[in-house]
Structures are given as structure tokens and as C-alpha cells.
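Data block below; observations after.
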Amino acid sequence: MAVEHASATEARMEGLSEAEESPHARARLRHCLDLYGAAADVLRDALDNVRARVYGKAAQQLAAAVGAAESCEDVWKGEDHVPVAGHDREYGRIALLALGLTTGINTA
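Just add 2 to wherever you are in the sequence shown, counting from 1, and you've got my numbering.
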């Protein structure tokens, strides 16, 4: 589910970037697009590790992927309107849930 959400967020940011008139906002959206593209790749690897029951490695990958939302939000600091805020929050919740479940399985 986190992989799908990261991919959907990536697609949304690409659409927003193409429609955005401000060069600064486009640059921020492109930065977020890069972050979510990398996060989607890491999440796919984590899913492969969960399937292979390599939970420790999967948890490390999930922990790294959680930072995408925070890093994306950071580039919008000081702005009144953050067009990806809702997606960032939802992605962050899903990624943290996946991390918690994987960590719980690993310590069980």
C-alpha cells in the first residue's frame, strides 16, 4: 500500500509541476518528485525483503523511506500554500504503519 501511495503521489507531483507557473514552485515540486521516486524504489525493495522474511533489512529500508514526506515538506517551509501537504501526511502515516508492523514482526 505504501508503494502504491508513493507512486500515486509521484504522479500527482508531476502533474502539479507541469501546471505550475512559478519556477520556484516547479523546482520544489521536482525535488519532491525525486524524493518520492526514490522512496517508491526503496519501498519496493523493502516489500521484497518482507516477502523473503528479511525483516531487519526491510525495517531499515522503511525507516529510510519515511523521510521522503518530511524532506518534501522541508522545501516548502515558509510558504502559505503547500500543494502536496495532504499527500505527504498520508504517505508518512502509511510508511510509519508499515515500519511499525515490520519492526513488530522482526522482534516477535
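Note that the Cβ used here is the ideal one computed from N, Cα and C, for glycine as well.
The three-state reading of DSSP puts A54 in coil, since its state is none of H, G, I, E or B.
Here H89 is buried: its Cβ has 16 or more other Cβ atoms, across all protein chains shown, within 10 Å. For the pair L35 and E16, the CB atoms are nearer than the 7 Å cut-off. Assignment of G80 by DSSP, reduced to helix, strand and coil, places it in the coil class. Nearest in C-alpha terms to V44, of all of A13, A60 and R55, is A60. Going by DSSP, E92 is part of the alpha helix (DSSP H) stretching over A87 to T109. Proximity to D47 across E92, L31, H33 and A66 peaks at A66, based on C-alpha coordinates. Under the three-state reduction of DSSP, S24 is assigned to coil, being neither helix nor strand.
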